[in-house]
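See structure below.
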Amino acid sequence: MSIRNLHHFVAPQSVAVVGASARVGSVGATVLANVVGAGFRGPVWPVNPKYRELAGLPAWRDVADLPHAPELAVICTPAATVPGIVATLGEQGCKAAIVLSAGLDAPAGGGTLRQAMLEAARPHLLRILGPNCVGLLVPGSSLNASFAPVAALPGRLAFVAQSGALVTSVLDWARARDIGFSCFVSLGDGSDVDFGDLLDYLAGDPGTDAILLYAESVRQARKFMSAARGAARAKPTVIVKSGRVAEAAHAAFSHTGALAGSDLVYDAALRRAGMLRVYSTAELFDAVAILAQPRRPAGPRLAILTNGGGPGVMATDALIAGGGALAQLGPDTLAHLSANLPATWSRGNPVDIIGDAPVERYRLALQALLDEPGADAVLLIHAPTAIVPSADIARALLPQLRAAARPVLCCWLGGASVAQARSLCAGAGVPVFDTPEEAVRGFLQLVDYARNQRMLMQVPAAGTLAAPDRAAARARIAGLLADGTTAVGEADAKAILAAYGIPVVPTRTADDVDAALAAARQIGYPVALKILSPDIAHKTDVGGVVLDLADDAALAQAAKAMVERVRAARPQARLAGFTVQAMARRPRAHELIVGIGMDPVFGPVVLFGQGGVAVEVTGDRAIGLPPLNRVLAADLVGRTRAARLLAGFRDHPRADLDALYDVLVRVGQMAADLPELVELDINPLLTDAAGVVALDARMRLDPAPAGQDPLARLAILPYPDALERRVDSALGPLLLRPIRPEDAPAHEAFFHALSARDIHFRMFGTMRDLSPAQLARFTQIDYAREMAFIATRPGPDGAAETLGVVRVAIDPDEVGGEFAIVVRTDLQGRGLGRLLMACLLDYCRARGLASVHGVALADNVGMHRLARACGFQLLPALDGNVEMVLALDGEDHSMSTASGS
4 MSIRNLHHFV APQSVAVVGA SARVGSVGAT VLANVVGAGF RGPVWPVNPK
54 YRELAGLPAW RDVADLPHAP ELAVICTPAA TVPGIVATLG EQGCKAAIVL
104 SAGLDAPAGG GTLRQAMLEA ARPHLLRILG PNCVGLLVPG SSLNASFAPV
154 AALPGRLAFV AQSGALVTSV LDWARARDIG FSCFVSLGDG SDVDFGDLLD
204 YLAGDPGTDA ILLYAESVRQ ARKFMSAARG AARAKPTVIV KSGRVAEAAH
254 AAFSHTGALA GSDLVYDAAL RRAGMLRVYS TAELFDAVAI LAQPRRPAGP
304 RLAILTNGGG PGVMATDALI AGGGALAQLG PDTLAHLSAN LPATWSRGNP
354 VDIIGDAPVE RYRLALQALL DEPGADAVLL IHAPTAIVPS ADIARALLPQ
404 LRAAARPVLC CWLGGASVAQ ARSLCAGAGV PVFDTPEEAV RGFLQLVDYA
454 RNQRMLMQVP AAGTLAAPDR AAARARIAGL LADGTTAVGE ADAKAILAAY
504 GIPVVPTRTA DDVDAALAAA RQIGYPVALK ILSPDIAHKT DVGGVVLDLA
554 DDAALAQAAK AMVERVRAAR PQARLAGFTV QAMARRPRAH ELIVGIGMDP
604 VFGPVVLFGQ GGVAVEVTGD RAIGLPPLNR VLAADLVGRT RAARLLAGFR
654 DHPRADLDAL YDVLVRVGQM AADLPELVEL DINPLLTDAA GVVALDARMR
704 LDPAPAGQDP LARLAILPYP DALERRVDSA LGPLLLRPIR PEDAPAHEAF
754 FHALSARDIH FRMFGTMRDL SPAQLARFTQ IDYAREMAFI ATRPGPDGAA
804 ETLGVVRVAI DPDEVGGEFA IVVRTDLQGR GLGRLLMACL LDYCRARGLA
854 SVHGVALADN VGMHRLARAC GFQLLPALDG NVEMVLALDG EDHSMSTASG
904 S
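Its first residue numbered 4, the sequence shown is counted upward by one per residue in the working numbering.
What follows is the structure in structure tokens.
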């Protein structure tokens with residue numbers, strides 16, 4: 004389930020308070036007083052057998068006695084009574100219930116009260132908010148179905164929190180600052196309605212401009228990620244995730260595995276979703292203020308304008324410490340400022356225009372910084388003086404602030420003397436802060452959000468990697484597991500890497516010294532010798548690695564000494580022999596680490612960072628969620644300090660970053676393809692201008708449970724290559740396959756090959772070009788929520804061209820989907836539309852959808868004809884268009900489908 008029946012929570016026509024009471028201070032009395040006191044306009048039915056009247060309203064003995072099924076029930080009774088009450092409400096036809104009661108983990112009938120409650124609700128599609136929550140407030144519906152001590156003011160922010168204590172404190176904090184809400188939700192245990200459901204609902208709520216979340220944990224990762232990505236595309240979505248300390252990190256077989264459960268994984272997930280993460284409730288509301296203004300910075304370069312040196316220095320310190328950068332003012336800007344400012348001005352950024360600055364000096368300096376091409380945003384810091392009233396300065400600058408093409412932030416230092424200036428700027432939509440540090444923090448939030456949004460829309464370069472030899476990798480893994488091997492040594496690990504096209508150093512295993520000598524002669528000296536043991540994770544720690552062995556004598560001597568060292572250091576370790584590998588002579592190469600770990604919430608994650616023996620000490624690492632493409636791989640690399648080294652410095656040339664990105668993409672493929680692979684370390688991965696090569700690798704396997712969907716562990720579904728099909732057609736051999744982000748250039752060319760009439764039929768309007776955001780939206784789809792199949796063939800230049808596309812957006816309840824189709828104008832009438840529709844309908848049936856529907860313009864007779872040929876019913880829509888409906892389960896769904904496009 005997802006958004007089904009959630010509207011009964013936010014706009015109910017009637018409310019029953021089950022467990023209402025007259026006992027002062029009780030939850031039942033508080034909830035009833037809040038519902039009545041908020042002025043709810045529908046019937047309110049208190050339910051409690053002890054009373055005949057409560058709060059001036061008739062009281063009912065039992066929910067079965069109510070005159071009608073309530074649209075919303077608020078349950079504040081002891082935990083043991085909840086399943087029975089829910090069952091009765093469901094039988095009556097109630098569709099939404101808020102369970103405030105705690106203690107539902109108590110045993111009941113072979114399970115728990117919580118399970119019994121959910122089982123009672125499920126047959127009736129009765130949705131449950133809670134249990135163990137504070138309740139729900141919807142000021143626009145005059146609804147306060149909670150036991151919160153204060154009411155919420157009306158507004159356009161939605162707030163959803165797991166913590167009940169935080170709910171009440173934030174309500175109080177926000178009311179003191181006149182911050183209002185479209186809805187305010189205490190999620191509690193989230194046993195039914197969870198973050199994913201509410202994100203889906205709020206993303207489409209016209210009364211909500213921004214979504215604020217306070218999360219302590221996430222349970223259904225894929226549902227959360229799909230909903231979060233959809234919400235973040237629709238409106239600013241900001242989250243506080245508590246529990247940032249790293250106590251969840253643990254000892255593991257690999258460096259990456261040790262990070263499973265760490266806060267780095269949540270960072271990666273929220274970043275991938277396009278959300279903005281902040282670290283306190285104050286930052287949460289500051290972020291809303293700054294995201295409300297429509298301009299986004301192109302980068303982290305800030306120009307600072309101040310009338311005092313001290314505040315400028317404070318802002319600079321906060322900026323650099325937070326990862327931002329001072330904008331470098333160009334010579335033209337510096338010359339212009341020098342010609343018009345006092346000789347004592349700072350002659351650089353921050354631009355200190357001196358404490359006696361009149362209004363005109365502010366105006367001139369601000370315009371110079373707004374025109375500076377090297378600045379991504381401007382921060383104005385003003386300390387009050389007795390020379391010019393702060394309000395006069397603000398009033399004079401308002402036209403420039405409103406017309407600015409880049410973000411401008413204001414910091415008015417002081418109290419009453421700058422209150423009017425703050426009010427003027429805030430009224431003009433300019434973010435206002437009390438201190439330089441807060442203003443810089445707001446700017447960096449804006450930078451982070453803009454970057455995350457760009458990542459959602461950025462299109463990878465065309466072209467794909469060659470398909471890996473999945474069969475070879477799976478066969479080797481199956482053989483290892485059949486032998487009882489879960490700790491995979493270097494040679495087998497490298498063979499699996501090679502199957503995925505990751506360059507590896509030639510490596511051989513040897514049972515004894517003679518076999519090691521034979522392997523070294525086959526590889527060719529010089530070689531490296533390493534101990535082979537399933538019990539030794541870090542070979543260098545026990546003297547188990549010797550490099551640059553030049554001949555047989557050196558190798559034999561090294562092998563004997565190595566065994567003695569290892570037995571002395573780890574007498575219990577099983578020694579299985581040696582590995583022998585070619586020496587990789589790349590003196591200017593960087594040692595990196597790339598790995599896979601298994602997070603308990605988000606499943607497989609990919610690690611990148613500085614490698615070598617000091618990997619724990621440097622702590623330079625970033626995590627991403629698979630699948631990856633080159634854009635996401637570049638972002639992963641760019642989040643580490645290693646990125647600056649890889650860009651080249653002094654006599655070290657720039658590394659081959661494309662080769663590195665390809666390795667990260669390949670490792671992401673391994674994480675998606677190989678469910679038994681739970682940990683991987685490639686350390687070191689040597690990277691230089693000549694490319695990449697894996698020197699050492701180790702893996703840990705875990706047999707996948709029988710019958711489990713191998714994709715179930717993934718938070719984001721990868722490209723479903725199993726859905727590709729080759730067909731013969733009147734246009735010759737075609738490939739029908741799901742669309743992928745790399746198809747963006749071909750999709751843009753396809754759009755330009757459509758006639759204006761076909762564009763009008765598809766878009767219900769006129770368009771000449773697709774914006775970058777639209778192009779990304781059409782090609783970067785969430786395979787868990789939607790599907791688009793394209794028909795493609797090699798074009799005249801050999802590159803694949805798109806001939807037609809059909810897509811379906813699946814409703815969050817997984818019941819139905821809305822389809823759309825368009826075929827290139829010059830290819831219509833040759834059966835391609837039928838092929839695409841057949842492909843889509845096969846997919847929808849396999850997905851288990853009950854129905855598919857779409858909307859066509861009244862004069863789109865070609866679409867009407869295709870729909871009839873595919874078995875659709877054509878029905879008149881209210882707006883004069885034509886609705887096309889097909890029941891895939893044999894039932895008539897024509898009256899239950901949406902009619903919008």
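Glycine is no exception: its CB is placed at the ideal position from the N, C-alpha and C atoms.
Keep in mind that this is a model prediction, so the values were computed, not measured.
Query	Result
Reduced DSSP category for Pro-49 - H, G, I as helix; E, B as strand; rest coil	strand
Cα-Cα separation between Ala-328 and Ala-645, rounded to whole angstroms	18 Å
CA-to-CA distance, His-10 to Leu-714, given in whole angstroms	32 Å
Beta-carbon gap between Leu-595 and Thr-690 smaller than 7 Å	yes
For Leu-128, the nearest candidate out of Ile-813, Asn-8, Arg-868, Arg-180 (CA to CA)	Asn-8
Pair within 7 Å by beta-carbon distance, Ala-707 and Glu-745	no
Rounded separation between Asp-355 and Cys-413 - CA only	15 Å
Option in Ser-104, Val-268, Arg-159 with minimal Cα separation from Gly-600	Val-268
Ala-148 versus Asn-37: straight-line alpha-carbon distance, rounded	7 Å
Three CB pairs or more closer than 8 Å across the stretch 542-558 and the stretch 519-528	yes
Same chain only: Cβ atoms within 7 Å of Leu-372, ignoring 5 sequence neighbours per side	Ala-306, Leu-308, Val-354, Ala-378, Val-381
Residues that DSSP places opposite Arg-178 in a beta bridge	Note: Arg-178 sits in no beta bridge, so no partner.
Any chain C beta carbon closer than 7 Å to Arg-298	Of the protein chains in the structure, only one exists, and it is not chain C.
Boundaries (first-last residue) of the beta strand (DSSP E) holding Met-887	885-890
Rounded separation between Asp-544 and Arg-669 - CA only	30 Å
Other residues of its chain near Leu-132: CB distance less than 6 Å, five sequence neighbours each side excluded	Ile-101, Val-196
N-terminal and C-terminal residue of the alpha helix (DSSP H) that Cys-917 is part of	Coverage of the chain is limited to positions 4 through 904, which leaves residue 917 absent and any answer about it impossible.
Counterpart residues of Pro-736 in DSSP-defined beta bridges	Asp-731
Whether Thr-805 touches Leu-738 by CB criterion (7 Å)	no
Given Pro-303 as reference, the closest of Ala-674, Gln-448, Leu-287 once Cα atoms are compared	Gln-448
Euclidean distance between Cα positions of Leu-332 and Ala-453	23 Å
C-alpha distance - Ile-505 paired with Val-85, whole-angstrom precision	56 Å
Assigned exposure category for Gln-525 - 16 Cβ within 10 Å defines buried	exposed
Same chain, Cβ closer than 7 Å to Ala-625, neighbours up to 5 away in sequence not counted	Phe-611, Gly-612, Leu-639, Arg-642, Thr-643
Contact set for Phe-43: own chain, Cβ-Cβ below 7 Å, skip 5 residues either direction	Val-18, Ser-145, Leu-146
The stretch 168-181 / the stretch 195-211 touching (three or more Cβ pairs under 8 Å)	no
Rounded straight-line distance, which links the Cα of Gly-836 to that of Leu-869	7 Å
Enclosing alpha helix (DSSP H) for Tyr-365 [first to last residue]	362-374
Simplified DSSP assignment, three categories, for Lys-563	helix
Alpha-carbon spacing of Glu-751 relative to Pro-797, whole angstroms	16 Å
Three-state secondary structure (DSSP) of Asn-147	strand
For Gln-2, the three-state DSSP class (helix, strand or coil)	Shown here, the chain extends from 4 to 904; a query on residue 2 therefore has no answer.
Cβ-Cβ separation, Glu-682 to Arg-703 (assumed contact under 8 Å), whole Å	4 Å
N-terminal and C-terminal residue of the beta strand (DSSP E) that Glu-682 is part of	680-691
Which of helix, strand or coil DSSP assigns to Val-354	strand
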